[in-house]
Amino acid sequence: MTKVAVFGTGSWGTTFAMILAEAGSRTVLWGRRPELVAAIERSHTNLDYLPGVALPPSLRATTDPAEALDGADFVVLAVPSQSLRPNLAAWREHIPRDAVLVSLMKGIELGTTKRMSEVIREVAGVSEDRVAVVSGPNLAKEIAQRQPAATVVASADEGVAARLQDVCHLPPWFRPYTNTDVVGVELGGAVKNVIALAVGVAAGMGMGDNVGAMLMTRGLAEISRLGAALGADPHTFAGLAGMGDLVATCTSPLSRNRTFGENLGRGMTLAEVIAATKQTAEGVKSCESVLELARKHDVEMPITEVVVGVVHDGMSPSEAGMLLMSRSPKPERYGV
182 MTKVAVFGTG
192 SWGTTFAMIL
202 AEAGSRTVLW
212 GRRPELVAAI
222 ERSHTNLDYL
232 PGVALPPSLR
242 ATTDPAEALD
252 GADFVVLAVP
262 SQSLRPNLAA
272 WREHIPRDAV
282 LVSLMKGIEL
292 GTTKRMSEVI
302 REVAGVSEDR
312 VAVVSGPNLA
322 KEIAQRQPAA
332 TVVASADEGV
342 AARLQDVCHL
352 PPWFRPYTNT
362 DVVGVELGGA
372 VKNVIALAVG
382 VAAGMGMGDN
392 VGAMLMTRGL
402 AEISRLGAAL
412 GADPHTFAGL
422 AGMGDLVATC
432 TSPLSRNRTF
442 GENLGRGMTL
452 AEVIAATKQT
462 AEGVKSCESV
472 LELARKHDVE
482 MPITEVVVGV
492 VHDGMSPSEA
502 GMLLMSRSPK
512 PERYGV
């Protein structure tokens, strides 16, 4: 039987662990907080992140990384993206030699502008054929409630992607598709959080659907431009890990990034929104690293620029809107 270790007891880590366990893998969920881990073990619930959701009785939980990693075929990483490097360094010595490392994270590392798969390869010292990523329109609460969803599992090694697809395929609720475009899949997942912040800000200001549609469409153009500069397959951005994830994150009230942006648009300060936000909104920190990555490759990303301005540089939402709408007109072309 395949063994999978899942690191991270947040909503998506727990939900993905639930999928794996129900699909037939021997699954162990690692968490840092003893009281939460004990509750998962005792009552098969995660009241902090998935209240009212019954977890499979076969799903184990532990605070011991060595126990979770012992004999693991897959190691799934579902921690906040900016904490991946120190966490993985602490776990590295216990990772089995042949295990595949899987990223559920959607961010770009501050300072290095590395994608999560790049951080994994660097810290764990593994080749690209031992790394996979999972990304798509995957709102954890809906999936935990057994609503149908699909995702993309990507690896440079088609065989690795197929193996991961097999262990997380759970008919009729969860349908994974394979892809070898790791760069495109990761960029789609990371940058859509930034665009969702912009859509949320506009909604919080009382703007209508025209503005939301404009930001999503032009946001997809920004993602595509950056992807082209980094060698991604442009078709990836028309799929689940591109357009699919962008639409879900920009439109759903379950989206942390959209909700964070809405609160900013309503006039709350950054400190007030952070205090009111229980879970990580990845776009808040990653917007800076996404913009830095774009500038390294001379890619124009005006929506990302104003998001950084509003979130980190004191720009008002109304000023951000004026800057975007006052840009010089140009033809619309794919990815331009």
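With the numbering used here applied, the sequence shown has no gaps in its numbers, which climb one by one up to 517 at the end.
We put the beta carbon where it would ideally sit given N, CA and C, even for glycine.
Query raised in the report: Alpha carbon to alpha carbon, what distance is there between G502 and G306?
Result: Cα atoms of G306 and G502: separation of roughly 44 Å, rounded to the nearest angstrom.
Query raised in the report: Where do the N-terminal and C-terminal ends of the beta strand (DSSP E) with E462 fall, by residue?
Result: Looking at the sequence shown, residue 462 is not Glu but Ala. Careful: A462 lies outside any beta strand (DSSP E) and carries neither H nor E.
Query raised in the report: Closest by CA to S436, which one among L236, M506 and K373?
Result: K373
Report task. Starting from T485, follow the alpha helix (DSSP H) in both directions and report where the run begins and ends. Result -> Per DSSP, the continuous alpha helix (DSSP H) segment holding T485 begins and ends at P483 to H493.
Query - Delimiting residues of the beta strand (DSSP E) encompassing R241 - result: R241 to T243
Query raised in the report: Does the separation of the CB atoms of V334 and C349 fall below 8 Å?
Result: yes
Requested in this report: Using alpha carbons as the reference points, say which of L250, I324 and I289 lies closest to A271.
Outcome: L250
Query raised in the report: For M506, does the count of other Cβ atoms within 10 angstroms reach 16, so buried, or fall short, so exposed?
Result: exposed
Requested in this report: Report yes or no: do the region 238–254 and the region 272–284 share at least 3 C-beta pairs separated by less than 8 Å?
Outcome: yes
Report task. Throw me the rounded Cβ distance for the A259 and L285 pair, which I believe falls under 8 Å. Result -> 4 Å
Query raised in the report: Of all the options D279, V315, A220 and I324, which has the alpha carbon lying nearest to the alpha carbon of S308?
Result: D279
Query - Proximity of A457 and N444 at Cβ, strictly below 8 Å - result: yes
Query raised in the report: Which value, in whole angstroms, describes the spacing of the CA atoms of I324 and S509?
Result: 42 Å
Query raised in the report: DSSP three-state call for R439: helix, strand or coil?
Result: In the structure shown, R439 sits in a helix (DSSP, three-state: H, G or I).
Report task. Check the DSSP bridge columns for I289 and list the partner residues they point to. Result -> Checking the DSSP bridge columns, you'll see I289 partnered with R296.
**Report entry** Residues of its chain near A410, where Cβ-Cβ distance is below 6 Å and the 5 sequence neighbours each way are ignored
**Finding:** H478 and V480
Requested in this report: Provide the residue span of the alpha helix (DSSP H) that contains F197, from first to last.
Outcome: S192 to E203
Query raised in the report: Nearest to A219 by CA position, among A242, R439, S316 and V185, is which residue?
Result: A242
Query raised in the report: Relative to the alpha-carbon of I455, which residue among T440, V256 and R302 has its alpha-carbon at the smallest distance?
Result: For the set T440, V256 and R302, the Cα lying nearest the Cα of I455 is the one of T440.
Query raised in the report: Alpha carbon to alpha carbon, how far is V366 from T461?
Result: 20 Å
**Report entry** Neighbourhood of G393 by C-beta distance below 8 Å, restricted to the same chain and skipping five residues each side
**Finding:** V380, A383, A384, C431 and T432
**Report entry** Presumed contact (8 Å Cβ cut-off) between G408 and L378, rounded CB distance
**Finding:** So it is not a contact: roughly 19 Å between Cβ atoms.
Query raised in the report: Taking the alpha carbon of Q328 as the point to measure from, which residue in V315, R344 and F355 has its own alpha carbon closest?
Result: Checked all of V315, R344 and F355; the closest Cα to Q328 is F355.
Query raised in the report: Closest to D310 by CA distance: which of E299, P237, N319 and L351 is it?
Result: E299
Query raised in the report: Would you call the CB atoms of V341 and A321 closer than 8 Å?
Result: no
Report task. In angstroms with no decimal places, state the Cα-to-Cα distance between K466 and L291. Result -> Near 8 Å, if we compare the C-alpha coordinates of L291 and K466.
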